[in-house]
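Asks:
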Amino acid sequence: MTPEQLSTSLVAALTRLVDAGRLALPDGVPSEVRVERPKVKEHGDYATNVALQLAKRAGLNPRELAQWLADELVTDDGIEGAEVAGPGFLNVRVAAGAQGAVAATVLEAGTDFGRTATLAGQRIDLEFISANPTGPLHLGHTRWAAVGDAIARVLEGAGAVVTREFYVNDRGVQMDHFGASLMARAHGEEPPEDGYVGSYVSALADRIVTADPGIVDLPRDEQLVAFREAGYALQLAEHQSELEEFNTHFDVWFSERSLHDSDAVEKGFARLREQGRLYEQDGALWMRTTDFGDDKDRVLRKSDGSLTYFASDTAYYVDKRDRGFDPCIYLLGADHHGYVGRLRAMAACVGDDPQQQLEVLIGQLVKILQDGQELKLSKRAGTIVSLRELIDLVGTDAMRYTLIRYPADSPLTLDVSEMTSRSNENPVYYVQYAHARLSSILRNAADLGVGDDLDGFDPSLLSTEQEGSLLRALAEFPRVVARAAELREPHRVARYLEDTASAFHTFYGACRVLPQGDEDVTDTHRARLVLVAATRQVFANGLGLLGVSAPDRM
RNA sequence: GCCCCCGUAGCUCAGGGGAUAGAGCAACGGUUUCCUAAACCGCAGGUCGCAGGUUCGAAUCCUGCCGGGGGCACCA
Numbered sequence: 103m104t105p106e107q108l109s110t111s112l113v114a115a116l117t118r119l120v121d122a123g124r125l126a127l128p129d130g131v132p133s134e135v136r137v138e139r140p141k142v143k144e145h146g147d148y149a150t151n152v153a154l155q156l157a158k159r160a161g162l163n164p165r166e167l168a169q170w171l172a173d174e175l176v177t178d179d180g181i182e183g184a185e186v187a188g189p190g191f192l193n194v195r196v197a198a199g200a201q202g203a204v205a206a207t208v209l210e211a212g213t214d215f216g217r218t219a220t221l222a223g224q225r226i227d228l229e230f231i232s233a234n235p236t237g238p239l240h241l242g243h244t245r246w247a248a249v250g251d252a253i254a255r256v257l258e259g260a261g262a263v264v265t266r267e268f269y270v271n272d273r274g275v276q277m278d279h280f281g282a283s284l285m286a287r288a289h290g291e292e293p294p295e296d297g298y299v300g301s302y303v304s305a306l307a308d309r310i311v312t313a314d315p316g317i318v319d320l321p322r323d324e325q326l327v328a329f330r331e332a333g334y335a336l337q338l339a340e341h342q343s344e345l346e347e348f349n350t351h352f353d354v355w356f357s358e359r360s361l362h363d364s365d366a367v368e369k370g371f372a373r374l375r376e377q378g379r380l381y382e383q384d385g386a387l388w389m390r391t392t393d394f395g396d397d398k399d400r401v402l403r404k405s406d407g408s409l410t411y412f413a414s415d416t417a418y419y420v421d422k423r424d425r426g427f428d429p430c431i432y433l434l435g436a437d438h439h440g441y442v443g444r445l446r447a448m449a450a451c452v453g454d455d456p457q458q459q460l461e462v463l464i465g466q467l468v469k470i471l472q473d474g475q476e477l478k479l480s481k482r483a484g485t486i487v488s489l490r491e492l493i494d495l496v497g498t499d500a501m502r503y504t505l506i507r508y509p510a511d512s513p514l515t516l517d518v519s520e521m522t523s524r525s526n527e528n529p530v531y532y533v534q535y536a537h538a539r540l541s542s543i544l545r546n547a548a549d550l551g552v553g554d555d556l557d558g559f560d561p562s563l564l565s566t567e568q569e570g571s572l573l574r575a576l577a578e579f580p581r582v583v584a585r586a587a588e589l590r591e592p593h594r595v596a597r598y599l600e601d602t603a604s605a606f607h608t609f610y611g612a613c614r615v616l617p618q619g620d621e622d623v624t625d626t627h628r629a630r631l632v633l634v635a636a637t638r639q640v641f642a643n644g645l646g647l648l649g650v651s652a653p654d655r656m
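Numbering-wise (this note's numbering), the first sequence opens with residue 103 and increments by one.
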């Protein structure tokens with residue numbers, strides 16, 4: 103019996119009470135009843151507070167209503183007992199057979215266990231990182247890479263179709279500063295005042311000159327462009343290969359220039375004009391974002407004829423919507439928080455509902471400590487902890503997991519020594535180890551000729567406390583994934599896996615799975631092996647949602 | 001001046017109306033003739049920033065304040 107099935111039984115019980123005229127609910131029977139896993143075992147396998155919530159509306163005593171529900175519920179074969187407790191909680195004990203059947207449910211679903219249809223039909227655009235191609239990806243980008251990618255995986259787990267996009271700001275003055283800095287370094291000069299000074303600039307310049315020695319002899323104007331374009335190409339390629347190595351795949355690398363090369367910007371303007379949100383003043387073209395709560399109108403085309411970043415952003419959004427995405431999700435760093443208001447206003451200006459089509463997730467910044475001192479990250483100053491360095495130091499799995507297991511909207515402080523530690527201080531090993539241990543049992547079982555197939559599986563043999571805890575943990579997985587997708591919070595999956603790993607390790611310590619010595623293979627061995635196989639499946643699926651590997655050996 | 005995030009164990013952080021507030025790390029003690037000890041078991045650790053309010057019930061929701069981080073505006 104899964105929590106979903108219990109919830110369904112409770113709704114059915116409520117419906118029967120209403121149909122029998124014993125219960126009157128002004129708002130009707132709720133479509134879903136929340137069921138939770140109690141913290142203490144005296145409170146049963148599952149508990150619900152539905153009686154407390156409905157009693158007032160129904161004009162009843164909560165305990166009385168809970169008792170009626172209990173009486174209805176126990177007519178179900180899968181329910182062993184139901185008791186009223188406290189002010190009106192209903193504590194439910196599930197029959198061992200019904201609970202053990204969860205293992206079979208998991209195995210039958212296989213890699214699909216955990217997938218739901220809660221977001222089915224949605225086509226979601228998820229934009230994240232979107233770093234300028236003027237320097238390496240750093241720790242902040244690394245957080246969005248891990249979290250953004252995990253969000254995409256979780257959304258897909260809930261049935262959505264997701265496109266992951268990286269917006270490349272390859273236009274504007276920053277690019278020229280970048281080109282000028284590369285050129286200066288190639289000539290052994292200091293970068294200009296607004297230039298980039300990190301050591302990576304010199305390294306890039308060297309690579310460019312090595313590949314094309316004649317570049318330094320070009321006229322200054324041409325040379326700057328040549329350096330800019332060569333540097334752009336190298337930096338972008340580096341972003342792409344590093345992110346692939348970090349197990350973060352983008353479906354679309356969207357160039358800002360392409361918006362201007364096509365008619366996208368004009369299409370954006372046309373949309374705004376249709377909506378009556380465009381006007382000219384002082385020689386500039388404005389969007390009337392104040393119609394939708396922005397604190398001032400925004401310039402799209404300056405009086406000198408050049409287009410603002412916001413013009414690109416508007417065109418980009420319109421382009422996404424024209425490609426059929428709903429909603430468009432942006433994952434932005436807290437340093438871009440001031441941008442949210444005008445993005446929302448912009449979406450409204452083109453005729454969308456910002457509550458529906460546009461969603462901005464603000465991620466707080468990451469701090470990194472080394473020897474108790476904060477490492478200040480600055481592309482300009484060249485003090486960068488880059489994605490490349492992090493992958494080399496910590497490894498993709500540990501780095502991804504560490505970043506994903508915290509909610510993105512909570513500020514995060516990581517310690518270099520802790521992150522670089524490959525010891526068991528890192529929770530990722532705790533979870534991966536569970537998978538490795540499970541795999542090992544299955545290998546040994548194969549050697550002993552004990553099958554984990556479902557023929558003759560007797561779920562009622564999984565009756566110990568530890569087996570029950572583990573089964574309930576497994577049954578929780580689909581709800582966790584659905585909730586993580588709904589809230590865009592993949593850290594819930596990581597925390598869930600940690601809890602489930604604990605339940606498994608405890609089970610492992612208490613329950614012998616395989617026969618010892620010359621013992622005969624019993625149905626209990628076989629049942630436990632089914633449970634082991636099911637548990638391994640959940641870890642594999644869960645780690646997959648985080649983009650973290652599930653090793654068979656450690 | 002306004003807006004957003006945060007404040008929970010010594011440290012890093014979960015929990016975001018429900019029963020006795022949790023995990024990891026750090027500290028202390030124990031467990032391996034037996035499926036992976038990267039594990040398990042035990043012990044210890046808390047005015048959930050402060051003050052009001054909402055209600056059967058608040059760490060959780062509302063208001064105010066304090067503290068930390070970030071953003072916008074203003075000034076230049």
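Even for Gly, the Cβ is constructed at its ideal location relative to N, Cα and C.
None of the values given here were measured: they were computed from a predicted structure.
To which residues of the same chain is residue 116 closer than 6 Å at the C-beta, ignoring the five residues directly before and after it?
Replies: Within the same chain, residue 116 has close Cβ partners 131.
Asks: For the segment 349-363 against the segment 289-305, are there 3 or more C-beta pairs whose distance is under 8 Å?
Replies: no
Asks: Roughly how far, in whole angstroms, is the beta-carbon of residue 461 from the beta-carbon of residue 220, given that I think they are within contact range, below 8 Å?
Replies: Incorrect: roughly 16 Å between the Cβ atoms, too far for contact.
Asks: Per DSSP, what kind of secondary structure is residue 488 in: helix, strand or coil?
Replies: In the structure shown, the three-state DSSP call for residue 488 is strand.
Asks: Per the contact definition of three or more C-beta pairs closer than 8 Å, is the segment 382-402 in contact with the segment 277-293?
Replies: No, the segment 277-293 does not touch the segment 382-402.
Asks: Could you tell me whether the Cβ atoms of residue 135 and residue 120 are closer together than 7 Å?
Replies: No, they are not a contact pair.
Asks: Just grab the DSSP bridge partners of residue 138 for me.
Replies: 149
Asks: Rounded to whole angstroms, what is the Cα-Cα separation between residue 429 and residue 199?
Replies: 43 Å
Asks: Touching or not, the segment 226-236 and the segment 271-278, by the rule of three or more beta carbon pairs under 8 Å?
Replies: Because the criterion of three Cβ pairs below 8 Å is met, the segment 226-236 and the segment 271-278 touch.
Asks: In terms of alpha-carbon separation, which member of 141, 129, 323 lies closest to residue 575?
Replies: 141
Asks: If residue 262 sits next to residue 224, beta carbons under 8 Å apart, how far is it from one beta carbon to the other, in whole angstroms?
Replies: 4 Å
Asks: Would residue 592 and residue 256 qualify as a contact pair, given that the criterion is a beta-carbon distance under 7 Å?
Replies: yes
Asks: By a C-beta neighbour count over all protein chains shown, 10 Å radius and 16 as the cutoff for buried, is residue 381 buried or exposed?
Replies: That one is exposed.
Asks: What separation, rounded to the nearest whole angstrom, lies between the Cα atoms of residue 206 and residue 104?
Replies: 12 Å
Asks: Among all the DSSP beta bridges, which residues are the ones paired with residue 430?
Replies: 227, 460
Asks: Go ahead and label residue 158 buried or exposed: buried means 16 or more other beta carbons lie within 10 angstroms of its beta carbon, across all protein chains shown.
Replies: exposed
Asks: Run through the segment 352-410 for me and flag every whole alpha helix (DSSP H) of 4 or more residues, listed as ranges in chain order.
Replies: 358-363, 366-376
Asks: Assign residue 502 to one of two classes, buried (16 or more other C-beta atoms within 10 Å of its C-beta) or exposed (fewer than that).
Replies: buried
Asks: Restricting to Cα atoms, I'd like to know which of 296, 279, 276, 305 is closest to residue 290.
Replies: Its Cα nearest to that of residue 290, the residue 305 stands out among 296, 279, 276, 305.
Asks: Apart from the five residues just before and just after residue 539, which ones in its own chain have a Cβ nearer than 6 Å to its Cβ?
Replies: none
Asks: With residue 281 as the anchor, note down where its alpha helix (DSSP H) starts and where it stops.
Replies: That run of the alpha helix (DSSP H) goes 275-288.
Asks: When you compare the segment 607-615 with the segment 490-505, are there three or more beta-carbon pairs, one atom per stretch, that lie closer than 8 Å?
Replies: no
Asks: What would DSSP say about residue 481, mapped onto helix, strand or coil?
Replies: Because the pLDDT at residue 481 is just 49, under 50, the model does not fix this residue reliably, and the point stays unresolved.
Asks: Per DSSP, what are the beta-bridge partners of residue 465 in this structure?
Replies: 435
Asks: Return helix, strand or coil for residue 663, following the three-state DSSP convention.
Replies: The requested residue 663 does not occur in the structure, where the chain is confined to residues 103 to 656.
Asks: Would you kindly work out how many angstroms separate the C-alpha atoms of residue 639 and residue 129, rounded to a whole number?
Replies: 41 Å
Asks: Under DSSP, the beta strand (DSSP E) around residue 349 begins and ends at which residues?
Replies: Boundaries cannot be given for residue 349, as no beta strand (DSSP E) includes it and DSSP labels it neither H nor E.
Asks: For residue 505, which of helix, strand or coil comes out of DSSP?
Replies: helix
Asks: Look at the alpha carbon of residue 151 and the alpha carbon of residue 544, and state the distance between them as a whole number of angstroms.
Replies: Approximately 40 Å between the Cα atoms of the pair.
Asks: Return the CA-CA distance between residue 441 and residue 363, expressed in angstroms with no decimal places.
Replies: Computed Cα separation, rounded: 25 Å.
Asks: For residue 160 versus residue 186, is the C-beta distance shorter than 7 Å?
Replies: no
Asks: How about residue 603 and residue 536: do their beta carbons lie closer than 7 Å?
Replies: yes
Asks: Compute the distance between the beta-carbons of residue 267 and residue 412, then report whether it is under 7 Å.
Replies: No Cβ-Cβ contact shorter than 7 Å links residue 267 with residue 412.
Asks: Please report the Cβ distance between residue 470 and residue 402, rounded to the nearest whole angstrom; I am assuming they are in contact, meaning their Cβ atoms lie under 8 Å.
Replies: The Cβ separation is near 38 Å, so there is no contact.
Asks: Look at residue 218 and residue 260 and say whether their C-beta atoms are less than 7 Å apart.
Replies: yes
Asks: Span of the beta strand (DSSP E) holding residue 267?
Replies: Residues 263-270.
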